[in-house]
Amino acid sequence: MDESRKQIIIVGGGPVGTLTALFLGRKGFKVDLYEARPDIRLDDNTAGRSISLTLSLRGMTALKYAGIDKKIENLGVPMYSGYFHSKNGMCYEIPYETGGEHCLLSISRLELNRQLLTEAEKSENVKIHFGHKLIKCDTLHPSVIFKTSEAEEYKTADILIGCDGAHSAVRRQMLKGRIDYSQTYIDLGYKEFRIPPTKKQDFALAPHHVHFWPRNKVMLAAFPNIDKSFTCTLTMPFAMYASVVTGDDVIHFFQDNFAELIPMIGELTLRSSFFNTPPLSLISIKCSSFHCGKTLIIGDAAHAMAIFSGQGLNSGLEDALILDRLLDNFAFDISQILPKFSEVRVSPAHAAVDLSLYNYKVLGSQARKPWFILRRKIENFLHSRFPSVFAGRISLIHFTTVPYDKAQKMMEKQEKLIESSMGIVGGFMFASIVYILYRTTKRLSAV
Ligand SMILES: Cc1cc2nc3c(=O)[nH]c(=O)nc-3n(C[C@H](O)[C@H](O)[C@H](O)COP(=O)(O)OP(=O)(O)OC[C@H]3O[C@@H](n4cnc5c(N)ncnc54)[C@H](O)[C@@H]3O)c2cc1C
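Each residue of the sequence shown is one higher than the one before, counting from 259 in the working numbering.
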């Protein structure tokens with residue numbers, strides 16, 4: 259049988275599932291993609307449920323390979339730095355890179371997903387079936403049962419790919435094989451708010467930055483949208499949400515933490531929108547393998563991660579690209595490709611999950627401290643002077659495609675280097691102060 263004519267079922271029409279369908283369709287595979295929800299391009303109820311995402315080099319490289327990077331860029335706003343707002347009204351900016359060569363793209367997940375669906379459907383090999391929820395599957399001899407509004411449908415395929423997100427039904431079935439698995443809920447919930455454009459139809463905040471309001475365990479981040487609004491994501495412990503129960507509580511909470519945002523969002527809107535949805539959970543997932551039999555999981559289904567390094571989707575899109583490359587390298591031989599995928603992707607995925615949690619600690623509690631700013635400036639300086647040997651934490655995560663596990667090791671080494679250089683500079687300054695004091699005392703005693 260011509261390997262490329264194999265029948266593939268993809269479960270989940272999120273961004274990762276649709277990009278994977280696009281790649282596989284181009285290679286000549288017969289792809290049926292099943293999505294539980296209705297078509298988000300037709301359904302207006304999905305508006306307002308979108309989250310803002312940042313795409314960085316890993317995700318953009320995959321989109322470029324698909325030939326759709328320019329279209330996606332037009333849907334987003336480039337951001338060149340993190341802009342930190344402290345409680346006392348002081349602000350400081352940390353550029354992502356000194357040269358400003360790279361940027362992050364702020365984009366709505368909904369718009370990205372809509373565009374990817376349209377692009378995937380252009381291939382005559384890809385068929386998308388909406389309103390099909392997977393309820394059962396066999397991962398060894400791929401077969402699936404979907405529930406639709408009318409009936410249950412039974413399908414078989416040569417390969418099954420689960421792109422069905424953090425609570426993946428495909429993964430649940432796969433775990434019956436010999437796969438270790440762990441999931442961790444962090445004690446933080448998130449909510450979203452919108453800062454509308456100003457009356458003059460302009461951005462309410464400087465547009466080309468991610469804005470952060472770090473308040474220890476509470477963090478608010480704002481991402482620009484192309485309609486000149488901002489999407490704010492508030493993360494804080496569930497126990498703190500429980501103490502905000504009335505509209506007045508919301509206003510007091512904002513007055514204490516983010517007073518400047520009240521007029522931008524509008525007091526009335528804030529009072530009501532805070533309670534529109536309950537705070538949503540953040541989960542991290544690690545699996546010891548991403549394949550079992552003739553089934554593969556990718557994207558959040560394989561390695562959901564907390565949002566703090568902005569890599570969940572980027573790593574999922576990278577998965578799709580790596581699968582595509584393995585198909586070429588192993589001449590479409592699935593018996594080799596699926597194990598190889600686990601071999602090359604599991605360890606980086608675990609590192610990405612850990613990096614994301616580490617970033618939460620950094621952003622929440624350390625970002626306000628002067629030594630943190632100094633440290634980031636030293637990183638930027640070293641990267642601008644010695645780009646081939648020093649990349650820095652932010653660059654390694656966002657602006658390279660170095661596998662996350664390798665990047666993590668490089669970061670550890672570089673952090674040690676920065677700490678010792680800061681120690682040397684600190685020691686030198688301390689010695690200078692002692693020397694000046696000594697000389698001054700000596701001169702005074704001679705008078
Ligand atoms: C607040 C927030 C901010 C984030 N910010 C960033 C960021 O800045 N950068 C970044 O890279 N990532 C970010 N992420 C993570 C990113 O959203 C996810 O990593 C990404 O959406 C994963 O894509 P996916 O296609 O694997 O899964 P999903 O987007 O979850 O899509 C899964 C799809 O599968 C469908 N499905 C589920 N179950 C079934 C079933 N049984 N049958 C059929 N279909 C099913 C779902 O309806 C859905 O369409 C953020 C996440 C959150 C919550």
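Each residue gets a CB set at the ideal place from its N, CA and C atoms; glycine is no exception.
For clarity, every value in this text was computed on a predicted model and none was experimentally measured.
In the three-state reduction of the DSSP assignment, SER487 falls in the coil class.
Here LEU632 is exposed. Its C-beta has fewer than 16 other C-beta atoms within 10 Å. Between the alpha carbons of GLU450 and TYR696 lies a gap of roughly 57 Å. Here DSSP, grouped into helix, strand and coil, assigns GLN265 to strand. The beta strand (DSSP E) runs lying completely inside the stretch 280-304 and spanning 3 residues or more are 288-292, given in chain order.
Assignment of beta-bridge partners to HIS561 by DSSP yields no partner. Rounded to the nearest whole angstrom, the CA to CA distance from GLY272 to SER614 is 21 Å. Within the same chain, and ignoring the five residues on either side of THR659 in sequence, the residues whose Cβ sits closer than 8 Å to its Cβ are LEU315, ARG316, THR319, GLU576. Per the Cβ contact rule, the stretch 504-511 is not in contact with the stretch 388-405 (fewer than 3 Cβ pairs under 8 Å). Residue state for GLY574 is assigned as helix, using DSSP reduced to three classes. Here ILE419 carries a strand assignment [DSSP, helix/strand/coil]. In this structure the stretch 337-354 lies against the stretch 471-485, because at least three pairs of beta carbons, one per stretch, are closer than 8 Å.
Between ALA649 and LEU584, the alpha-carbon positions lie close to 27 Å from each other.
Under the three-state reduction of DSSP, SER401 is assigned to strand. In the DSSP assignment, PHE481 falls within the beta strand (DSSP E) that extends over 476-482. Segment contact: the stretch 420-439 against the stretch 268-283, three or more CB-CB distances shorter than 8 Å; contact assigned.
A distance criterion of 7 Å places the beta-carbon of ARG367 in contact range of ligand 1, judged by its closest non-hydrogen atom. Under the three-state reduction of DSSP, ASP327 is assigned to helix. Secondary structure note for HIS343: its beta strand (DSSP E) is the uninterrupted segment 339-343. Following the DSSP letters along the chain, one finds SER364 inside the beta strand (DSSP E) bounded by residues 362-366. LEU311 has ILE365 as its beta-bridge partners, per DSSP. The stretch 407-417 and the stretch 515-527 do not touch, with fewer than 3 CB-CB distances between them shorter than 8 Å.
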